[in-house]
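Shown next, in structure tokens, is the structure this report addresses.
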Amino acid sequence: MSMTNIEVIQNYIRACDDGWLQGWHERNGGNLTYRLTTKEVVQCRPFMNAQAGEWVDIGVKADNLAGEYFLSTGSGKYFRNVILAPQDNICLVEISAQGDAYRIVWGLEKGGRPTSEFPTHFMNHSVRKTATDGAARVIYHAHPANLIALTYVLPLTSRDFSRVLWKSATECPVVFPGGVGVVPWMVPGGSEIALATCELMKEFEAAVWSHHGLFVSGNDFDLTFGLMHTIEKAAQIYVLAMSMGQGIRQTIEDDDLRAIARDFSVTIREEFLD
Ligand code: 2HA
Ligand code: ZN
Numbered sequence: 023m024s025m026t027n028i029e030v031i032q033n034y035i036r037a038c039d040d041g042w043l044q045g046w047h048e049r050n051g052g053n054l055t056y057r058l059t060t061k062e063v064v065q066c067r068p069f070m071n072a073q074a075g076e077w078v079d080i081g082v083k084a085d086n087l088a089g090e091y092f093l094s095t096g097s098g099k100y101f102r103n104v105i106l107a108p109q110d111n112i113c114l115v116e117i118s119a120q121g122d123a124y125r126i127v128w129g130l131e132k133g134g135r136p137t138s139e140f141p142t143h144f145m146n147h148s149v150r151k152t153a154t155d156g157a158a159r160v161i162y163h164a165h166p167a168n169l170i171a172l173t174y175v176l177p178l179t180s181r182d183f184s185r186v187l188w189k190s191a192t193e194c195p196v197v198f199p200g201g202v203g204v205v206p207w208m209v210p211g212g213s214e215i216a217l218a219t220c221e222l223m224k225e226f227e228a229a230v231w232s233h234h235g236l237f238v239s240g241n242d243f244d245l246t247f248g249l250m251h252t253i254e255k256a257a258q259i260y261v262l263a264m265s266m267g268q269g270i271r272q273t274i275e276d277d278d279l280r281a282i283a284r285d286f287s288v289t290i291r292e293e294f295l296d
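Per my numbering, the sequence shown starts with residue 23, numbered consecutively.
Following this line, the structure appears as structure tokens:
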């Protein structure tokens, strides 16, 4: 028995590999973090390092994440390599009692630190934990090509993106009735993109990073990965339809979206409908 046999670690590794297999993680692109349950921390504890790493200042503070444990991909590490050598490419970190620092308690055995987007993930975990009464545990960032392509041709507004994606596949208004937020182009890894994303994640489960990728949150790996997958597939359908050159001849109308929402008992963001 070792850390990598534990179910939650296995599920985390699978999520990374599934993203790689989708083609969303060229080179070191993307990052995944997961907030462990108390039970999972107990399961992992026997396999944590005898000597924890040094405390490292996160640069931001979240009172509601004090003492929590997170799995994170490593900065500069490749999703491709997670399944081959998880102990060298991911880590488990403990958050300080002040909610402002982390220390590595397992993983990244050849050195390294959590993802460059860790402060962004951390702040967004804090926002989503509050927004969902503690249910949200996963934050996932990937570089899905069709969605990124749309950021070159659609107006960069949450309304425009939500409408195009909802109308590109009938499941979309059911899977993300709240729509998607859109962040303008910003330097990745910095506090500006972290704050802009946090503002959107108070209301949305997904934020498009213009000319960069997609940032999503969910309660478990299936839901979070499924959200990324559904949004990217909708973007792909729109790209395919537009690529046929004649434009959109017929689509799902606004009242059709309302009908789906009614029958599936979800609340669609009415302000985005005509
Ligand atoms: O981790 O995707 O946004 C590499 C990135 C940064
Ligand atoms: Zn990225």
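Virtual Cβ for every residue (Gly too), placed ideally from N, Cα, C. The model shown is predicted, which means the values in this text are computed figures rather than measured ones.
Check, Outcome
"Segment contact, 8 Å Cβ cut-off, at least three pairs: the segment 181-196 with the segment 271-285", "yes"
"Proximity below 7 Å, CB of Ile290 to CB of Leu279", "yes"
"Euclidean distance between Cα positions of Leu43 and Ala37", "10 Å"
"Segment contact, 8 Å Cβ cut-off, at least three pairs: the segment 253-262 with the segment 211-227", "no"
"Buried/exposed call for Met145, threshold 16 Cβ in 10 Å", "buried"
"Reduced DSSP category for Trp231 - H, G, I as helix; E, B as strand; rest coil", "strand"
"Separation of Asn53 from Val104, as counted between CA atoms", "11 Å"
"Expected contact under 8 Å - CB spacing of Ala41 and Ala164 to nearest Å", "For the sequence presented, residue 41 should be read as Gly rather than Ala. Sure, about 6 Å apart at Cβ, within 8 Å."
"Sheet register partners of Thr95 (DSSP bridge)", "Ile112"
"Candidates Gly200, Val78, Thr95 and Trp77: closest to Tyr56 by CA position", "Thr95"
"Counted within 10 angstroms of its Cβ, other Cβ atoms place Lys132 as buried (16 or more) or exposed", "exposed"
"At least 3 beta-carbon pairs within less than 8 Å: the segment 147-162 vs the segment 74-89", "yes"
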